[in-house]
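A.B. asks: Numbering (my numbering), first residue to last: 139 to 331. Just so you know, even glycine gets a beta-carbon here, dropped at the ideal spot from N, CA and C.
1. State the DSSP-derived secondary structure class of residue 122, mapped to helix, strand or coil.
2. Measure the Cβ-Cβ separation of residue 276 and residue 318 and say whether it is below 7 Å.
3. Using alpha carbons as the reference points, say which of 296, 257, 244 lies closest to residue 274.
4. Determine the contact status of residue 210 and residue 238, defining contact as a CB-CB distance below 7 Å.
5. Could you give the distance in angstroms between the alpha-carbon of residue 300 and the alpha-carbon of residue 194?
6. Given this structure, state the Cα-to-Cα distance separating residue 295 from residue 255, to the nearest angstrom.
7. Using the C-alpha atoms, what's the distance from residue 283 back to residue 312?
8. With DSSP as the reference, please indicate the residues paired to residue 192 in a beta bridge.
9. Quick one: measure Cβ to Cβ for residue 214 and residue 233, integer angstroms, because I've assumed they're closer than 8 Å.
10. Are there 16 or more other CB atoms within 10 angstroms of the CB of residue 241, so buried, or fewer, so exposed?
11. According to DSSP, residue 322 sits in a beta bridge with which residue or residues?
12. So residue 241 is in the beta strand (DSSP E); what residue range does that whole segment cover?
13. Taking C-alpha atoms, which residue in 236, 330, 320, 324 lies nearest to residue 262?
14. Which partner residues does residue 279 have in the DSSP bridge list?
15. Would you identify the three-state DSSP class for residue 260, choosing helix, strand or coil?
16. In the DSSP assignment, find the unbroken alpha helix (DSSP H) run with residue 229 in it and report its ends.
17. What is the DSSP secondary structure of residue 330, counted as helix, strand or coil?
18. Among the candidates 221, 225, 320, whose CA atom is the shortest distance from the CA of residue 205?
19. Applying the criterion that 16 or more other CB atoms from any shown protein chain within 10 Å of the CB defines a buried residue, is residue 200 buried or exposed?
Given below as structure tokens:
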């Protein structure tokens, strides 16, 4: 039995690949060339995106989220497990008052919490639904104008914002946003009013 460490494995793999590349450039009938090798390397040219990571409580995740909601022009969709932050609700209501389409799906158990923002949002004209089912609706994401995704472990709660170690990841990509919107639409269809 041969025992190879991780470093040894990668070194051996590199030696083999370099050898194959050398053979491919020396022989005219090479079965493996550098051009073939380039095709194995993933390219991000058709999936370019920008990303930024925020950590709570030090990066004030709720204010980061609110700043993007305040910049929304067309649509905000949110699937969130726990949502008890007044300032985020107020930002969503402001967005709706500006003519932005705003929809939020809550987890059924968390929506029954006396501090949940579902009723406040509903009274503010925001379309809300409650997701019930065999498990929790444990997503935590917002999609803004179908090009910005804010996701991570961050629940829109006081503890999530000021006490817990949480993260919020901003991804700017229409391609990635499209996947999140598709997931949101599935959840929205399954949820009840």
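C.D. replies: In this structure, then:
1. For residue 122 there is no data in the structure shown, the boundaries of the chain being 139 and 331.
2. no
3. 244
4. yes
5. 7 Å
6. 10 Å
7. 9 Å
8. 306
9. 6 Å
10. buried
11. Residue 322 pairs with nothing; no bridge assigned.
12. 239-245
13. 236
14. 217, 289
15. helix
16. 224-235
17. strand
18. 225
19. buried
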